[in-house]
Every structure is written in structure tokens, then in C-alpha cells.
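A.B. asks: Below you'll find the structure I mean.
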Amino acid sequence: RGPPGGARPLGLLAFKRPDLAQAAALLMGGRAAALAEQCYLQYARAAAAAECTLAVLRTPLYMALCGSNARSLEWLRRMPAQTFMAAMRAPADLFLTTRDAPALGLPETELRQLGETTPLFVCNYFGPG
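Here the sequence shown stands for residues 10 to 138, numbered as in the numbering used here.
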């Protein structure tokens, strides 16, 4: 599991540059607060607790990510904890402030406008219960 960052940037790209999109399919899922915690906030807290990104680099997700890309490892080692925490809090805030939108960060009005020029499929899966 890792940050699910593909849907928002691609949806925004399709909205802002419909000439580049032949179609858009956005699959969103889960509860916003749980996703914010799982994907971002736990790593911001780890950096805050240690006042550095080294604690984050010890988590299974970041060990795997940095294990396959040495540049990421060095970049994160040099990054100030405050910068990393801000980078984690920004998408978490997006999850929490747009939790009722059909696709996080893409309000219904923008999706409707995009759907007028581009074939669009939005599936919001919240799991059982």
C-alpha cells in the first residue's frame, strides 16, 4: 500500500487540458479520514516525533520506496522534517476538505464540465458497510 496519488493529478490534468485526454476514469475509495491517516498523516507524525525524516525512512513503505531508488533515499535524508511534514499534511488536508466530492479534489461541477468534452467514468468505492 502506498499513497494513491494517481486519480487527483490525472483528473486535474484532464480538466485543465482536455485536449490531452481521450477519456478519464477515476476510481476513488475508502473513507477520507482513514486515507488521510494511512497515506500521509502517520508519516508526518513519524517525522515530527523524531524531528527528522530518518524515522520515516524506517517505515516499511519508505524502506521499499527508497530501496528501489537511491536518489529518493538521499533526497529524503537531506529534507528538513518541517518540509516533509508540510508535504504530507497538504494532501491529507485535501482528503479531509473534499471528502464529499465525487473524486477528491475535483468538485462535482468541474467533473460535470469535464464530462461535456471528455468521456468520463467516476467510481466511488467505499467498501463493505
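Note that CB positions come from ideal geometry on N, CA and C, so glycine has one too.
DSSP three-state call for Thr107: helix, strand or coil?
C.D. replies: Looking up residue 107 in the sequence shown gives position 98. Looking at Thr107 - three-state DSSP - the assignment turns out to be coil, as it is neither helix nor strand.
A.B. asks: Comparing C-alpha positions only, which one of Leu120, Gly124, Arg98 sits nearest to Ala42?
C.D. replies: Sequence index remark: in the sequence shown, residue 42 carries index 33 (1-based). With distances taken between Cα atoms, Ala42 lies closest to Arg98.
A.B. asks: Quick check on the DSSP output: the alpha helix (DSSP H) that includes Arg67 runs from which residue to which?
C.D. replies: Locating residue 67 in the sequence shown gives position 58, counting from the first residue. Neither: Arg67 is in no alpha helix (DSSP H) and is coded neither H nor E.
A.B. asks: Out of Tyr71, Gln91, Met94, state which residue places its alpha-carbon closest to the alpha-carbon of Glu83.
C.D. replies: Numbered from its first residue, the sequence shown carries residue 83 at position 74. Glu83 has its Cα closest to that of Tyr71, out of Tyr71, Gln91, Met94.
A.B. asks: Are the stretch 87–106 and the stretch 52–66 touching by the rule of at least three beta carbon pairs closer than 8 angstroms?
C.D. replies: Contact holds: three or more Cβ-Cβ distances are below 8 angstroms.
A.B. asks: Count the other CB atoms, across all protein chains shown, that sit within 10 Å of the CB of Gln122; report buried if there are 16 or more and exposed otherwise.
C.D. replies: Counted from its first residue, the sequence shown places residue 122 at position 113. Burial call: exposed.
A.B. asks: Once you ignore the five residues that flank Tyr52 on each side, which residues in its own chain have a CB closer than 6 angstroms to its CB?
C.D. replies: Here the question's residue 52 lines up with position 43 in the sequence shown. Within the same chain, Tyr52 has close Cβ partners Val65, Met97.
A.B. asks: CA-CA distance, Gly124 and Thr107?
C.D. replies: Residue numbering aside, residue 124 sits at position 115 when the sequence shown is read from its first letter. Residue numbering aside, residue 107 sits at position 98 when the sequence shown is read from its first letter. Approximately 19 angstroms, taken between the alpha carbons.
A.B. asks: Please return the same chain residues whose Cβ sits closer than 7 angstroms to the Cβ of Ser81, not counting the five positions on each side in sequence.
C.D. replies: Within the sequence shown, the letter at position 72 stands for residue 81. Leu74, Cys75.
A.B. asks: Using only the alpha-carbon positions, how far apart do Pro100 and Ala45 sit?
C.D. replies: Position 91 of the sequence shown holds residue 100. Position 36 of the sequence shown holds residue 45. Looking at the two C-alpha atoms, the distance is approximately 8 angstroms.
A.B. asks: Where does Leu29 land, buried or exposed, given buried means 16+ other C-beta within 10 angstroms?
C.D. replies: For the purposes of this step, residue 29 is taken as the residue at position 20 of the sequence shown. Exposed, by the Cβ-count rule.
A.B. asks: Assuming the contact rule is C-beta atoms closer than 8 angstroms, Pro27 and Thr118 should be a hit. Round their C-beta distance to whole Å, please.
C.D. replies: Residue numbering aside, residue 27 sits at position 18 when the sequence shown is read from its first letter. Residue numbering aside, residue 118 sits at position 109 when the sequence shown is read from its first letter. Going by Cβ atoms, the distance from Pro27 to Thr118 rounds to 15 angstroms, so no, they are not a contact pair.
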